[in-house]
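K.L.:
Sharing a structure, written as structure tokens. Questions coming.
In my numbering, the protein residues as written are 7 to 1129.
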């Protein structure tokens, strides 16, 4: 906005504008059209001393005829037209017209100073924008009735919510409207003067701890109850008015008696003689000489020049004289700021709250439309131009990518608003033609985005396919609903209601006709089990949101609105709405119906409509979001007897609707699932009609796209049906969400049926038939288990058994597939079976092969079943414990036979307490050792056998493990080294014979010199045969490395050192020289063990010097250490 608050705008000349039209004056002999000095009360004093208190009247006194007429003229006529129509206008009449020309409704001031204004409970059809007020209030006038001139100070204009004055206003404390109220209440508005159609004053921002007090000059021009321009010294740069403009405007509305009133300045000047005019001009120039002197001299020169342009024009501009006849009458809107703000928000890509801000701008457009403010279409045009100029559109087109979901939602609302404007019932034909040309121009641009989804008038749908005699109105249903939205958006709630009732009557007639059609086709459809009938255009998720529009129109008529026009709290939290039944006006076939019951009925019709899933991720996601939005609104309704009857009736119709209903017996394979909708219906109906609620929810459990496979050859269908033969698997991007909703429906039913065996069995069968995701069935099982075993009450065995059944199904489904949660699932199932009882545990142990892998069965299932914790939990007696243990042993042996590599050790553990079973498990391990068992598995079992007191069996298994091992010369950190050392220590402890049997295996399998030298050292430290085996005695003598079996190990160790040395020298680098010298030092220790070892080592060193003499530095280090 302009920043001229620091200087008087009228002091500087400017071109003629709507606010400064030319005012001429007659010759001294002619009558002045605005009244002569005599008629005006005589002299300047008559004009200059009046205040707005003129015309004051006692409270409740009827308005005078003068005020009634002046109000109407001030609102409808430009002041120039008044002047032209009447040759002489008495000054009192002029004053009343000028008085009533200022806006009278705070609501309008709020609309232009805040995004957060909310004009009622409704929202826009497509985007949740501000909607209309309750229908019984009637359409709001563009300007409400204002307070009479003599009303009490601080009074609120009639038609304005008291909440404005009370401080409940437009939301947050930082908004301009709220700040303006605070400034007004704190007495910051002063020096208020109204000169004709121009209001001025000063507004002082009080001092704070960090800022001094600042006073701003504010000027407002107005015409026909609209503010046409604003100027404030604060330099505000925003779409809407600043708090100072708000404060001055509210001061004028609330305290008119404290505002000095003057007629337009041209009237005052006319009454002055030459001396007075000269004195006036000279004083004016003196007061502002530094600012206006150059301009004053320029104007004087032009006036004195007979050929100047200024002398060619009759009259002179007067910024206080009101508008010309040809001036457009609209509120001040800063177009440049609108463009800049939209451009900024779009550049942020939907982040930083920009999407919310753009939606607020859309809401503001709807609010303006509802107030019948021409700026609504003007602002939307500006927004659209910026949307079309968004550089991302070109980028997306070049890259061949879709726009983001956030951006597409904004485009949807943009389109819905244009539909509202085009369908304005009072839009003139030439105006519509202009809009359509503009829309076509935008549409022809290459960057204009395409619509995502199966929406378009050229697509077939059930309405168009039916015989036209069956349709009350042939108009496309979403288009008809868009007309309702247009009526609401333009402030015609009663007309919108009438059209809504007519549409619902048409939909009822269509529903009845569809039932008749289905009756004739029912037998054939049920026999086939599939159908090609579908509706390609769904009402829920449609860009025009037809069902949401009808629902809001009807509920607004029933809403109890005790907060006036503005309902938002300072925390931007709205209370849940409260509705009442309002009888339907004439035209309804059932006179006892209410708008509230119709709202429920049409929402159920739309949500239950059979429709094919649209193509594209965004369109599919929108179907889900729109459905959830409608259901959340339905949940706000308190169901009384009348609404319950409506609910029951419509649910029965949906169940009997065949392929035309999403809840019919046979539906198209690609129909939008009804799970979320059915969950609401089930919960709402359950207290009133359990049979119907369960029937409906069970019917909705299906997910045909994963179950049916329509035959491509099945093209036979009556002429009135729409044929869609699927030749591909559909791309359902929201399938995961839909399956989770299916799971939620099942969980809701399970919870409700707790304790009812028959119903639980039916629900279980439906789950097993229709849910195809193991993770979701597992979630259901967990939910059922949690509900069946509350911490504060007894266990429900019926639901617990269902949980177990579901868990068993999950086990079967995931047995042969990879699932990262499989181990969690197995553990949970054992817990669930334990909770059910010992028979359940015995059952899963006996049928393990259909549920678990051998590893799971032994390591988790059987081990948990026979654990001490389980025995205590179930308080098992001895026979029960034995039965469980026997089943576990049988399972263990079966698993060991099937997968000995993984289960042999677990089988041995489970069979410890039964000698026969233990021997069988051991034999399975021995038999498998020659097969596919690894050295690691065999070493593990061998260690277990030693731990259990079977050292000879452990030695046998260790020997088998050694035969499977191969340790290379450079694998000195291999994980099997500890097992090798343990095996050698075991054989050494058993005796010389066992050590002699193992050493050949070690020599064959181990080629790492350091490991061999470690084994050799350990074997020479103590005497063999110290294990204390019965029947054996130890000689107590240490073993010599010169004799068998250690001689063989010594030779192998020396050879390993020699081979390793040559291997390391092949690719050695200088940084490893030190490490190599240490390695040779360890080798020398081994070489020196036999008597002639020092000679062998010396020979070895000499050979190295000869072979690697080129590595001079290294050989020098070798000589220094070893000579």
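Ideal Cβ placement from N, Cα and C applies to all residues, glycine included.
Quantities reported herein were computed from a predicted structural model and do not represent experimental measurements.
Applying the 10 Å Cβ sphere with the 16-neighbour rule, what's the burial state of residue 624?
P.N.:
Taking the first residue of the chain shown as 1, we reach residue 624 at position 618. Buried.
K.L.:
What did DSSP end up calling residue 979 once you bin it into helix, strand or coil?
P.N.:
Here residue 979 refers to the residue found at position 973 of the chain shown. Note: residue 979 maps to coil in three-state DSSP.
K.L.:
Please report how far the alpha carbon of residue 1029 lies from the alpha carbon of residue 1121, in whole angstroms.
P.N.:
Taking the chain shown and counting its residues from 1, one reaches residue 1029 at position 1023. Taking the chain shown and counting its residues from 1, one reaches residue 1121 at position 1115. Distance between the alpha carbons of residue 1029 and residue 1121 is about 40 Å.
K.L.:
Rounded to whole angstroms, what is the Cα-Cα separation between residue 649 and residue 587?
P.N.:
What you label residue 649 is simply residue 643 of the chain shown in a count that begins at 1. What you label residue 587 is simply residue 581 of the chain shown in a count that begins at 1. In a straight line, the C-alpha of residue 649 is about 10 Å away from that of residue 587.
K.L.:
Run through the DSSP bridge pairs and tell me what residue 227 is partnered with.
P.N.:
In the chain shown, the residue the question calls residue 227 occupies position 221. Residue 227 is bridged to 204 and 235.
K.L.:
From residue 1095 to residue 828, what distance separates their C-alpha atoms?
P.N.:
Position 1089 of the chain shown holds residue 1095. Position 822 of the chain shown holds residue 828. In this model, residue 1095 and residue 828 are separated by some 57 Å (Cα to Cα).
K.L.:
Less than 7 Å separating the beta-carbons of residue 842 and residue 786?
P.N.:
For this step, residue 842 is matched to residue 836 along the chain shown. For this step, residue 786 is matched to residue 780 along the chain shown. No, these two residues do not count as a Cβ contact at 7 Å.
K.L.:
So is residue 317 buried or exposed if we call it buried at 16+ other beta carbons inside 10 Å?
P.N.:
The residue you call residue 317 lines up with position 311 of the chain shown. It counts as exposed.
K.L.:
In whole angstroms, what is the alpha-carbon distance linking residue 679 and residue 582?
P.N.:
Your numbering for residue 679 matches position 673 in the chain shown. Your numbering for residue 582 matches position 576 in the chain shown. Near 29 Å, if we compare the C-alpha coordinates of residue 582 and residue 679.
K.L.:
Based on Cα-Cα distance, which residue from 798, 802 and 738 lies nearest to residue 756?
P.N.:
As a first step, residue 756 is located in the chain shown; it is residue number 750 there, counting from the start. Taking only the C-alpha atoms, the option nearest residue 756 is 802.
K.L.:
Beta-carbon within less than 7 Å of residue 489's beta-carbon, same chain only, minus the 5 sequence neighbours each way: which residues are those?
P.N.:
Position 483 of the chain shown, counted from the first residue, corresponds to residue 489. Closer than 7 Å at Cβ, skipping near neighbours: 429 and 505.
K.L.:
Is the shortest distance between the beta-carbon of residue 396 and the beta-carbons of chain C less than 7 Å?
P.N.:
Annotation note: the requested chain C is absent from the structure, which comprises a single protein chain.
K.L.:
Taking only runs of the beta strand (DSSP E) that begin and end inside the stretch 736-788, which ones reach a length of at least 3 residues, in chain order?
P.N.:
none
K.L.:
Flag this pair as yes or no: are the beta carbons of residue 119 and residue 246 separated by less than 7 Å?
P.N.:
On the chain shown, residue 119 is found 113 positions in, with the first residue counted as 1. On the chain shown, residue 246 is found 240 positions in, with the first residue counted as 1. It is a contact, given that the beta carbons lie within the stated cut-off.
K.L.:
Thinking just about the alpha-carbon of each residue, which of 204, 214 and 530 is nearest to the one in residue 225?
P.N.:
As a working mapping, residue 225 is identified with position 219 in the chain shown. Of the candidates 204, 214 and 530, 204 places its Cα closest to the Cα of residue 225.
K.L.:
Would residue 767 and residue 759 qualify as a contact pair, given that the criterion is a beta-carbon distance under 7 Å?
P.N.:
For this step, residue 767 is matched to residue 761 along the chain shown. For this step, residue 759 is matched to residue 753 along the chain shown. Not a contact, by the Cβ cut-off of 7 Å.
K.L.:
Here's the rule I'm using: 16 or more other beta-carbon atoms within 10 Å means buried, otherwise exposed. How should residue 280 be labelled?
P.N.:
What you label residue 280 is simply residue 274 of the chain shown in a count that begins at 1. Exposed is the call here.
K.L.:
Whose C-alpha, out of 681, 941 and 195, is nearest the C-alpha of residue 704?
P.N.:
Translated into positions along the chain shown, residue 704 becomes position 698. Nearest C-alpha to residue 704: 681.
K.L.:
Under the rule that 16 or more other beta-carbon atoms within 10 Å means buried, what is residue 745, buried or exposed?
P.N.:
As a working note, residue 745 is residue 739 in the chain shown. Burial is judged here by how many other beta carbons sit within 10 angstroms of a residue's own beta carbon; residue 745 has at least 16 and is buried.
K.L.:
Can the beta-carbon of residue 819 be found less than 7 Å from the beta-carbon of residue 849?
P.N.:
Indexing the chain shown from 1 puts residue 819 at position 813. Indexing the chain shown from 1 puts residue 849 at position 843. No, these two residues do not count as a Cβ contact at 7 Å.
K.L.:
I'd like to know if the stretch 624-634 and the stretch 661-675 are in contact, where contact means that at least 3 CB-CB pairs between them fall below 8 Å.
P.N.:
Segment contact: the stretch 624-634 against the stretch 661-675, fewer than three CB-CB distances shorter than 8 Å; contact not assigned.
K.L.:
Alpha carbon to alpha carbon, how far is residue 632 from residue 521?
P.N.:
Against the chain shown, residue 632 aligns to sequence position 626. Against the chain shown, residue 521 aligns to sequence position 515. The alpha-carbon atoms of residue 632 and residue 521 are separated by roughly 26 Å.
K.L.:
Using a 10 Å radius around the Cβ and a threshold of 16 neighbouring Cβ atoms, would you call residue 331 buried or exposed?
P.N.:
Within the chain shown, residue 331 is the residue found at index 325, counting from 1. By the 10 Å Cβ count, residue 331 comes out exposed.
K.L.:
Could you check if residue 647 is buried or exposed, using at least 16 other CB atoms within 10 Å of its CB as the buried criterion?
P.N.:
Taking the chain shown and counting its residues from 1, the one referred to as residue 647 is at position 641. That one is exposed.
K.L.:
What residues match up with residue 222 in a beta bridge as DSSP calls it?
P.N.:
Residue mapping note: residue 222 aligns to position 216 of the chain shown, counting from 1. Per DSSP, 209.
K.L.:
I need the straight-line Cα distance from residue 90 to residue 450, nearest angstrom please.
P.N.:
As a first step, residue 90 must be located in the chain shown, where it is residue number 84. As a first step, residue 450 must be located in the chain shown, where it is residue number 444. Whole-angstrom Cα-Cα distance: 47 Å.
K.L.:
Quick check: the Cα distance between residue 656 and residue 601, rounded to an integer number of angstroms?
P.N.:
Sequence index remark: in the chain shown, residue 656 carries index 650 (1-based). Sequence index remark: in the chain shown, residue 601 carries index 595 (1-based). Cα-Cα distance, rounded: 16 Å.
K.L.:
Which word fits residue 629, buried or exposed, when buried means at least 16 other C-beta atoms lie within 10 angstroms of its C-beta?
P.N.:
Taking the first residue of the chain shown as 1, we reach residue 629 at position 623. When all chains shown are included, residue 629 counts as buried.
K.L.:
Just the C-alpha distance for residue 485 and residue 545, rounded to the nearest angstrom, thanks.
P.N.:
One-based indexing of the chain shown puts residue 485 at position 479. One-based indexing of the chain shown puts residue 545 at position 539. Their Cα atoms are separated by approximately 11 Å.
K.L.:
Ignore the nearest five residues each way along the sequence and tell me which others in residue 636's own chain have a CB closer than 8 Å to its CB.
P.N.:
As a position in the chain shown, residue 636 is number 630, starting the count at 1. Closer than 8 Å at the Cβ level, and outside the excluded window around residue 636, lie 546, 553, 554, 557, 609, 612 and 613.
K.L.:
Identify which residue in 419, 365 and 350 has its Cα closest to the Cα of residue 392.
P.N.:
One-based indexing of the chain shown puts residue 392 at position 386. Of the listed residues, the one whose Cα sits closest to residue 392 is 350.
K.L.:
Excluding the 5 residues flanking residue 441 on each side, which residues of the same chain have their C-beta closer than 7 Å to its C-beta?
P.N.:
Residue 441 sits at position 435 when you count from the first residue of the chain shown. Correct list, in chain order: 427 and 428.
K.L.:
Are three or more beta carbon pairs between the stretch 238-256 and the stretch 92-103 nearer than 8 Å?
P.N.:
no
K.L.:
If distances are taken between C-alpha atoms only, which option among 909, 884, 845 and 699 comes closest to residue 869?
P.N.:
In the chain shown, residue 869 corresponds to position 863, counting from 1. When each option's Cα is compared against that of residue 869, the closest is 909.
K.L.:
My output table needs one value for residue 617: the three-state DSSP class, helix, strand or coil.
P.N.:
Indexing the chain shown from 1 puts residue 617 at position 611. Collapsing the DSSP output to three states places residue 617 in coil.
K.L.:
Would you call residue 474 buried or exposed, if buried means 16 or more other Cβ atoms sit within 10 Å of its Cβ?
P.N.:
Residue 474 sits at position 468 when you count from the first residue of the chain shown. The predicted position of residue 474 is uncertain, since its pLDDT is 36 and thus under 50; no value can be drawn from it.
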